[in-house]
Amino acid sequence: MSGRRPPTGARREPRRGPKKGSRRPRANRPSVAERLDTVDRLLAGSVTDAGGLWSRATAWILRIALEQSVDELWMRLAPALIRCPMRAQLIALRAFAGPEVAARVAALWAALSRAAHHHDYELAPSVTELRRWREQTVALAAELAAVDAHRS
């Protein structure tokens with residue numbers, strides 16, 4: 114094809130999406146444990162391709178692992194909440210996991226979000242901070258996995 118767009122009145126083939134009631138197969142994504150293993154390798158210095166971006170990459174991976182833990186909770190208890198923005202999910206988390214756990218998840222998510230974004234005149238997160246956030250992510254992922262439908 115020449116790369117031109119079809120004429121304005123040209124007929125298009127109808128798009129064929131998933132049939133009603135069927136879900137698109139979800140791409141294989143790493144588990145929370147696999148993401149934490151990647152964080153461990155970054156913190157140990159065994160991933161050399163990251164260059165000077167390894168600390169922010171570590172913060173991003175930790176944030177994704179935390180969000181994935183929240184997603185897994187919603188898949189079990191309230192699947193419709195997965196489509197909500199993360200801030201709305203953090204508010205809803207109070208009703209499902211309790212205010213104390215929800216506050217800890219929100220605080221960690223905010224810290225990881227702040228650390229993952231580059232800001233002029235701001236230092237990248239330190240190894241000590243990243244290790245602390247990793248431990249907090251592990252603890253919160255376990256707490257979220259333990260939340261059951263009876264609590265809500």
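Here this note's numbering is used: the first residue of the sequence shown is 114, the next is one more, and so on. Using N, Cα and C, we set each Cβ at its ideal position, and we do this for glycine too. All values derive from a computational prediction rather than experimental measurement.
Taking the beta carbon of A255 as the centre, do at least 16 other beta carbons fall within 10 Å, making it buried, or is it exposed?
exposed
V260 and A223 closer than 8 Å at C-beta
no
Once you ignore the five residues that flank E248 on each side, which residues in its own chain have a CB closer than 7 Å to its CB?
none
Would you mind giving the Cβ-Cβ distance between L253 and L179, rounded to the nearest angstrom? I have them listed as a contact below 8 Å.
7 Å
Measure the C-alpha to C-alpha separation of P131 and V152 and round it to an integer number of angstroms.
Because the pLDDT of P131 is 49, which lies under 50, any placement of that residue in the model is unreliable, and the number read from its coordinates should be weighed accordingly. Cα-Cα distance, rounded: 36 Å.
To the nearest angstrom, how far is the alpha carbon of L257 from that of R245?
Computed Cα separation, rounded: 18 Å.
In terms of alpha-carbon separation, which member of V160, S168, L175 lies closest to V218?
L175
Got a sec, what are the start and stop residues for the alpha helix (DSSP H) I177 sits in?
167 to 190
So, under 8 Å CB-CB, A237 and S144 are touching, yes? Tell me the CB distance rounded to an integer number of Å.
The Cβ separation is near 27 Å, so there is no contact.
Is L243 near T161, with beta carbons less than 8 Å apart?
no
Burial state of V240, where buried means 16 or more other Cβ atoms lie within 10 Å
Its Cβ having fewer than 16 others within 10 Å, V240 is exposed.
Rounded to a whole number of angstroms, what is the C-alpha to C-alpha distance between T268 and Y234?
In the structure as shown, the chain starts at 114 and stops at 265, and residue 268 therefore has no counterpart that could be examined.
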